[in-house]
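Be aware that the sequence shown starts at 1, since it is given in full-length UniProt numbering, and climbs by one per residue.
What follows is one structure encoded as structure tokens, with my remarks underneath.
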Amino acid sequence: TLFRSANQEPNQCPDCIASPLGTRVLMTRKDGFVKLFVGTTLSSAPQVFIQHSLSIKRLKESEDGFQLLSDRSFLDILPKHRDGYPIKYLYAFESGAYVYFLTVQHESLGSPLFHTKIIRICSSDPYLYSYLEMPLECIISEKRKKRSANIEIFNILQAAYVTKPGADFANQMRISVEEDVLFAVFAKSKPGSSEPTNQSAVCAFAINSINDFFRQFIDSCYNKGLSKGLHHFYNSSARYCVNESSSETYCGGGNDGSRMEISISVQRLDLFFGQFRNVLLTSIAVFTKGKVTVANLGTAEGRLIQVVVSRIERSTPHVNFQLDASPVSAIVLVERTADPKGYIIVLTGNRVTKMPLTGPGCDHFLSCSKCLTASSLMQCGWCTDQCSRREECINKTWTQSTCLPVISEVSPLSGPIEGGTKLSICGRDFATLKSGRISARMTSIKVGKFPCKLDANRSNRNRLLCTLGALSPTWDYSPVNINVISNRNLSTQAGVFSFVNPIIMSISPTHGPKSGGTLLTVTGNHLNSGSAREVLIGAKLCDLKSFSETRIECITPPHSSILMCPVAVKIDSAVRKAKSNFTYMENPVIGNVYPLQSFASGGSTITVSGRNLNLVHSPKMVISIDKLPKVFNVSCKYRDNLKVIYCKTPSLNHFEPTAAKASFIFNNVTVASFHFG
């Protein structure tokens, strides 16, 4: 029943605890005596039964139910402030001689701004006389200094968790591993609201440090006669520290006037260097594994994140996966942290998920290198062809030290016997270092029986680059294997590479204008072998356009004089010379263009005569119209044994031009321009 039969009045219901606006209850036990510390959000709405903002209750001795510890074991916000100054009790815990509540409330009466406060009460105080409250803030500063002018303040608590730190994090905080630490998730609030935005930060507060702040303020308050605040609890504004008191004995006495409010915020820096600036975190649970401190963070999108906590270096989450579409609840249960089978229980909507503290598993790591570079907390290893934990790898080889390299692609597939070929070997798990980098001392490559010199600086776990040396001219040119040895593990790609002897058979044409632009074709065999190729005309490079196994095409460079130049093809370290030279000759000269008029409908034949026109390949005429961006390209042809070029004019009916400009382009060089109409 809701009410005891002895007293059926709703306002006499000490058994009733929860409020529809929110209640946080902490149960403590000492010497077999159980107490309930209850924080309740109140409003001015009529109450079905009497509730208090903060109260201490105990179990009844002779029957089920609860009752106040004493007739003064409560503290109430004034009725006139209950709607304008709601207090949300979000988290409660016990540490040492104190009980703590974390709340979100207005910064002051009448202020539209919200902030987070920590409330401390002596657990032995039956009257709440030792009540203290103080603001907490989590900040991000670019210079990692709390006094920096450019800081971001995260003011609204979302979730919290109290535990003892691992040795590494304790050393960073300069505290003992036996001290309690409050880990708290904060968000930035929307303007004039306690509703959070999608911006979060995570901070850690050593409880002893919090107590030092309280002690310092108590001493300062009584030494300087400061205001005790708490105007939402008291009508009087004249509450000052006027009587002598000592913070060291604060739990041993006091009265209704001893309670006080601290207005100065305790600030701590975000532990994750702004990683969650664009995420709304909704839960946190922290546990230790060896010397390491690990945080489990839940998000409003239903994701669960696991990340190592550090104050001195940026930690990357080693677990980040989708649990559900609903937000992760701030209520989190961590069990058996010292047990290899320890687990965490989280809530998302109506769903309960139990996950090992070591993470959800290893099978989402699809390559050996990613498996072995996963956080050691996940206890992953490579089980022949998949990532798993040791107990899941049955009748197979399980390792956490090395990966068998796998070759998937080699380029190029052939190269000259003179060597110099830069070989690219693609695959996976080539890395020999945990960082993913390649160690030249622990990695070697052989093509057949010949070593390929590794470029460790440009190689990575998925791609090896190496350079081949020269072979004996008597090599039989048969395909050979490529062998990669990494961490004493061998991987072979059989019969994929061939050493070849490139040959030049001919070049065409053998002459061209000194202005350059001639399309030169080199024919031969194995011209597509190797990793790099050049065509040289004398000492100048021919601009490479295309190549295949039997031909290379390039555009000749200009030359200042008439001369014969040797032609050579360089493939990696191999150089092959053509039997014929390429001769530079005088440039083509246009002597006459006829006619200088054309019908607008086109179809007129423009005849061009001159000298050395036979040196031109693919001559073109380009027609442009004044004040219009339109350009017409016309291919021309030869006549009279390559001595005359003729071109057909295009139709210009749609443009109604009175004059146009025509230019002739020979071997990509503009030779002459003229106007015609």
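Every residue, glycine too, gets a C-beta built ideally from N, C-alpha and C.
Item                                                                                                                     : Value
Option in Cys-466, Lys-449 and Ala-97 with minimal Cα separation from Trp-475                                            : Lys-449
Where Ser-108 falls: helix, strand or coil (DSSP)                                                                        : coil
CB-CB length for Phe-497 against Leu-527, believed under 8 Å                                                             : With 8 Å as the limit, Phe-497 and Leu-527 do not qualify as a contact, their Cβ atoms being about 17 Å apart.
C-beta atoms of Leu-281 and Val-185 nearer than 8 Å                                                                      : yes
Check whether Tyr-477 and Val-500 have beta carbons under 8 Å apart                                                      : yes
Reduced DSSP secondary structure (H/G/I, E/B, other) of Leu-2                                                            : No answer about Leu-2 holds up, because its pLDDT of 39 lies below 50 and its placement is not dependable.
DSSP-derived helix/strand/coil call for Gln-267                                                                          : strand
Candidates Gln-267, Met-355 and His-318: closest to Val-334 by CA position                                               : Met-355
CB contact flag (Ser-283, Leu-297, <8 Å)                                                                                 : yes
Extent of the continuous alpha helix (DSSP H) to which Asp-168 belongs                                                   : 167 to 173
Closest Cα partner of Val-319 within the set Pro-360, Ile-312, Glu-313 and Ala-325                                       : Pro-360
Identity of the residue in Ala-300, Ser-310 and Glu-313 nearest Ala-330 by Cα                                            : Ala-300
Selection from Gly-591, Glu-133, Ile-552 and Ala-338 that minimises the alpha carbon distance to Ile-218                 : Glu-133
Neighbourhood of Arg-314 by C-beta distance below 6 Å, restricted to the same chain and skipping five residues each side : Phe-273
Backbone CA spacing between Gly-524 and Ala-539 [nearest angstrom]                                                       : 21 Å
Pair within 8 Å by beta-carbon distance, Leu-136 and Ser-73                                                              : no
Spatial neighbours of Ser-651 in its chain, beta-carbon cut-off 6 Å, leaving aside the 5 residues before and after       : Ser-601 and Gly-602
Same chain, Cβ closer than 6 Å to Ser-258, five either side skipped, listed in chain order                               : Tyr-129
6 Å Cβ shell around Cys-647 - same chain, five flanking residues per side excluded                                       : Ile-606, Met-621, Val-634 and Cys-636
Own chain partners of Ser-529 with C-beta closer than 7 Å, once the 5 adjacent residues on each side are dropped         : Pro-412, Ser-414, Gly-415, Pro-416, Val-500, Pro-502 and Ile-571
Sheet register partners of Pro-558 (DSSP bridge)                                                                         : Bridge partners of Pro-558: none, in fact.
Stretch-stretch touch, CB-based, cutoff 8 Å, three pairs: the region 90 to 104 with the region 114 to 129                : yes
For Arg-336 and Gly-342, the rounded distance between their alpha carbons                                                : 4 Å
Where Cys-371 sits in the DSSP three-state scheme                                                                        : helix
Backbone CA spacing between Arg-441 and Asp-385 [nearest angstrom]                                                       : 26 Å
Gln-199 burial status per 10 Å Cβ neighbour count (16 or more: buried)                                                   : buried
Cα-Cα separation, Thr-316 to Ser-310                                                                                     : 10 Å
Where Pro-566 sits in the DSSP three-state scheme                                                                        : strand
Which listed residue (Gln-322, Lys-164, Lys-188 and Val-266) has its alpha carbon closest to that of Ser-209             : Val-266
Stretch pair the region 61 to 78 + the region 227 to 234: three plus CB contacts closer than 8 Å                         : yes
Lys-30 - containing beta strand (DSSP E), residue span                                                                   : 23 to 30
Beta-carbon proximity list for Cys-452, same chain, < 7 Å, skipping 5 on both sides                                      : Leu-423, Ile-445, Lys-446, Cys-466, Thr-467 and Leu-468
Reduced DSSP secondary structure (H/G/I, E/B, other) of Phe-205                                                          : strand
Tyr-127 (DSSP reduced to helix, strand or coil)                                                                          : coil
Supposed close pair Pro-513, Asn-612 - CB separation, criterion 8 Å                                                      : 7 Å
Own chain, CB closer than 6 Å to Thr-1, minus 5 neighbours either side, in chain order                                   : Low per-residue confidence applies at Thr-1: pLDDT is 33, beneath 50, and the placement is therefore not dependable enough to give any value.
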